[in-house]
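Visitor: Residue numbers (full-length UniProt numbering): 1 to 490. Every residue gets a Cβ at the ideal spot worked out from N, C-alpha and C, and that includes glycine. One structure, pasted below without further comment.
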Amino acid sequence: MNGHSTTNDNDNAAADTSKPVPLWIAGKQIQTETTFPVTSPTTTEHLWTSSSVSVPLALEALDAAQTAFKTWRHATPATIRKILLKAADIFETRQDELAGYMKAETGALANFAGFNTTQAIEVLRDVAGRSAHILGEIPKTSTPGTGAFIFKEPYGVIFGAAPWNAPYILGLRAFIYAIAAGNTVVLKGSELSPRTFWALGSVMKEAGLPDGVLSVIYHRPEDAVAVTNAIIESAVVKKVNFTGSTLVGSIYASKAGKELKPVLMELGGKASAIVCEDAEVEGAAMQCAMGAFIHAGQVCMATERILVNRKILDEFAEALKSASEKIYAKEGEAPVLVAKATVEKNHKLLADAVAKGGKVIAGDVDTREDSAYRMRPVIVSDVKKGMDLYYTESFGPSVSLIAVESDEEAIEIANDTEYGLSGAVFTQNLGRGLKIAKQIDSGAVHINSMSIHDEATLPHGGVKKSGWGRFNAQWGLEEFLKLKTVTYME
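Structure below.
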């Protein structure tokens with residue numbers, strides 16, 4: 001039996017890292033007898049233990065959300081705005097503390113952790129006022145003496161699941177648009193970064209979000225199937241949103257489909273950066289290097305293929321090598337990946353590419369770091385179909401450099417993937433860039449900037465096996481609103 005207790009800690013205080021990370025259920029911090037360890041990928045040492053939600057506790061969180069929905073659905077825009085703006089201020093005040101959790105649990109460098117916290121604050125402030133702009137319609141009807149209203153209403157209880165790699169941005173958006181639209185949420189965070197997800201619940205509790213509107217849970221890996229299935233199967237849950245790998249996303253989507261519940265999915269990617277012969281080479285190279293290697297490539301929008309016009313291939317390759325060394329210096333520490341398995345996956349992908357004719361132009365495929373969590377960036381040229389690296393998302397510090405003869409060939413290769421999340425085009429001719437962007441089958445394309453690009457006011461999501469639906473701004477709110485038609489006779 002998974003026993004549990006309510007902690008007596010100050011809900012508004014920083015975490016006591018000597019104790020297991022508690023869950024947030026119905027506004028209370030819950031510690032469970034069943035726990036799991038959390039390891040630092042940076043030091044490879046034990047960080048702390050975390051409480052692990054059981055099926056009964058998960059269902060308790062759903063019941064609390066269902067109860068809270070009865071009143072939260074009627075929250076005024078002013079109430080929502082006040083809470084979210086206060087949450088942003090608290091996030092800002094606790095920014096160093098929160099970034100520290102993320103760095104400890106995920107191995108993120110200070111600049112990437114800082115980007116996460118800053119972007120989360122921006123999202124909170126952007127969403128704060130949007131509930132006042134949820135508008136229905138009064139359409140014309142066909143019969144004289146009749147009329148109709150189209151109402152937009154919240155679904156009810158939402159189940160959100162978010163990953164470890166950008167936990168504040170991805171965790172926040174898994175619930176913030178839903179609650180701003182009048183829903184309540186049970187958020188399941190990654191077991192790799194439970195204290196980071198705990199912090200999101202802590203901020204919202206301190207900001208005055210009513211108990212039950214948001215619960216935050218995590219669990220041992222071996223409990224994933226039981227807990228997730230129980231939540232999705234519950235009649236209380238009305239919609240599911242998931243951010244993570246395409247493999248796991250397909251499992252969520254299949255289960256939700258069986259239960260006839262709508263889903264919002266943001267999944268993996270295989271982004272290409274197209275570098276035209278008229279591109280500003282140094283700038284394009286730096287943007288491509290950042291797009292490939294920020295956070296050791298552990299970003300769904302990361303650049304995995306760089307498609308360079310052959311006329312500038314040699315010049316660009318040298319600039320790319322130089323740019324990559326500015327991100328991770330040769331004499332510095334190797335980048336940290338959150339899981340040993342991802343390091344092994346990248347080494348296997350690179351070894352296969354080299355065995356089949358790929359040429360390493362930067363890095364060393366055979367070099368192993370002292371830590372199994374670390375790996376230096378590698379750039380491989382002459383990557384072709386038949387190599388595993390050509391189609392497989394590496395989700396690590398590996399990138400392919402591929403020469404192309406024309407824009408048309410570049411577009412064909414960019415679209416030759418089951419993914420479609422992001423992409424980039426580099427050219428000094430905006431018209432040319434727009435023409436190329438329109439032909440790339442992707443949720444977003446960025447002209448003269450890297451493929452990693454996510455901001456509060458722009459819709460974010462993918463096509464094909466990168467998912468469907470959109471987070472951010474009004475598009476994010478619309479995902480969590482359903483339409484109701486009401487007709488009347490005069």
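Excluding five sequence neighbours on each side, which residues of the same chain lie with their C-beta closer than 8 Å to the C-beta of Pro20?
Guide: Once the five neighbours on either side are set aside, the close Cβ partners of Pro20 are Gln31, Thr32, Thr35, Trp48, Thr49, Ser50, Ser51.
Visitor: Assign Val236 to one of three DSSP states: helix, strand, or coil.
Guide: The answer is coil: DSSP assigns Val236 none of H, G, I, E or B.
Visitor: Are Pro194 and Thr243 closer than 8 Å when you measure CB to CB?
Guide: No, the Cβ-Cβ distance between Pro194 and Thr243 is not below 8 Å.
Visitor: My output table needs one value for Lys258: the three-state DSSP class, helix, strand or coil.
Guide: Note: Lys258 maps to helix in three-state DSSP.
Visitor: Using a Cβ distance threshold of 8 Å, determine whether the segment 181 to 199 contacts the segment 273 to 290, with at least three qualifying pairs required.
Guide: In short, these stretches do not touch, since the Cβ pair count stays below three.
Visitor: Work out the CA separation of Val308 and Ser54 for me, nearest whole Å.
Guide: Near 51 Å, if we compare the C-alpha coordinates of Val308 and Ser54.
Visitor: Does any CB atom of chain C fall closer than 8 Å to the CB of Phe316?
Guide: Reference to chain C is not applicable here, since this structure consists of a single protein chain.
Visitor: Throw me the rounded Cβ distance for the Val338 and Leu192 pair, which I believe falls under 8 Å.
Guide: Their Cβ separation, rounded to whole angstroms, is 6 Å, which keeps Val338 and Leu192 in contact under 8 Å.
Visitor: Would you mind sorting Ile138 into buried or exposed? The rule is 16 or more other CB atoms within 10 Å of its CB.
Guide: Ile138 is exposed by the Cβ-count criterion.
Visitor: Output yes or no for whether 8 Å exceeds the beta carbon distance between Val425 and Gly443.
Guide: The answer is no: Cβ separation not under 8 Å.
Visitor: Quick one: is Phe151 buried, meaning 16 or more other Cβ sit within 10 Å of its Cβ, or exposed?
Guide: Exposed, since its Cβ has fewer than 16 Cβ neighbours within 10 Å.
Visitor: How would you write the range of the alpha helix (DSSP H) that residue 493 sits in, first residue to last?
Guide: Outside the shown range of the chain (1 to 490) lies residue 493, about which nothing can therefore be said.
Visitor: Just checking, does the segment 207 to 220 make contact with the segment 235 to 251 on the three C-beta pairs under 8 Å criterion?
Guide: The segment 207 to 220 vs the segment 235 to 251: no contact.
Visitor: What is the DSSP secondary structure of Ser215, counted as helix, strand or coil?
Guide: Three-state DSSP puts Ser215 in a strand.
Visitor: Please check the pair Leu98 and Tyr168, which I expect to be a contact at CB under 8 Å, by giving their CB distance rounded to whole angstroms.
Guide: The pair is a contact, with the Cβ atoms about 7 Å apart (cut-off 8 Å).
Visitor: From Asp416 to Ile440, what distance separates their C-alpha atoms?
Guide: Rounded to the nearest angstrom, the two C-alpha atoms are 10 Å apart.
Visitor: For Ser142, which of helix, strand or coil comes out of DSSP?
Guide: Reduced to three states, the DSSP call for Ser142 is coil.
Visitor: With three or more beta-carbon pairs closer than 8 Å as the criterion, would you say the segment 59 to 74 touches the segment 37 to 46?
Guide: Touching, no, given that fewer than three Cβ pairs across the two stretches are closer than 8 Å.
Visitor: Given that a residue counts as buried once 16 or more other Cβ atoms are within 10 Å of its Cβ, and exposed if not, what is Val445?
Guide: It is buried - the Cβ of Val445 has at least 16 other Cβ atoms within 10 Å.
Visitor: Determine, using beta carbons only, whether Asn111 and Phe480 come nearer to each other than 8 Å.
Guide: Their beta carbons are not under 8 Å apart, which means Asn111 does not touch Phe480 by this criterion.
Visitor: So what does DSSP say about Phe316, is it helix, strand or coil?
Guide: Helix at Phe316.
Visitor: Using the three-state DSSP reduction, which class does Ala271 fall into: helix, strand or coil?
Guide: Looking at Ala271 - three-state DSSP - the assignment turns out to be strand.
Visitor: Considering Met265, what are the terminal residues of the beta strand (DSSP E) in which it resides?
Guide: It spans 263 to 266 - the beta strand (DSSP E) in which Met265 sits, taken as one unbroken run.
Visitor: Distance, Cα to Cα, Asn116 vs Met286?
Guide: If I take the Cα positions, the gap works out to 21 Å.
Visitor: Okay, do the segment 69 to 84 and the segment 127 to 146 touch, 3+ Cβ pairs below 8 Å being the bar?
Guide: The segment 69 to 84, when compared against the segment 127 to 146, does touch it at the 8 Å Cβ threshold.
Visitor: Name the two residues that bound the continuous alpha helix (DSSP H) containing Asn346.
Guide: Taken as a continuous stretch (DSSP letters only), the alpha helix (DSSP H) holding Asn346 covers 340 to 355.
Visitor: At a cut-off of 7 Å, is Gln298 close to the ligand FAD when judged by its beta-carbon and the heavy atoms of the ligand?
Guide: Of the ligands one can find in the structure shown there are none, so the ligand FAD has no counterpart to examine.
Visitor: Do the CB positions of Asp382 and Gly357 come within less than 8 Å of each other?
Guide: Against a cut-off of 8 Å, the Cβ pair of Gly357 and Asp382 comes out as a contact.
Visitor: Going by the DSSP bridge assignment, what does Trp468 pair with across the sheet?
Guide: Answer is Met265.
Visitor: Measuring only the C-alpha atoms, how far is Glu45 from Arg374?
Guide: Glu45 and Arg374: Cα-Cα distance of roughly 14 Å.
Visitor: Tell me which same chain residues have a C-beta within less than 6 Å of the C-beta of Pro335, skipping the five on either side of it?
Guide: Only Ala296, Tyr328, Pro397 meet the Cβ criterion.
Visitor: Can you tell me which of the three DSSP states Phe115 falls into?
Guide: Three-state DSSP puts Phe115 in a helix.
Visitor: What's the gap between the Cα of Tyr252 and the Cα of Gln428?
Guide: Cα to Cα, the separation comes out at about 42 Å.
Visitor: Output needed for Ala161: all residues of its chain with C-beta closer than 6 Å, excluding positions within five of it in sequence on either side, in chain order.
Guide: Correct list, in chain order: Lys188, Phe242.
Visitor: Quick check on DSSP: helix, strand or coil for Ile179?
Guide: Ile179 falls in the helix class under three-state DSSP.
Visitor: Quick check on Val38: does DSSP put it in helix, strand or coil?
Guide: Val38: strand per DSSP, three-state reduction.
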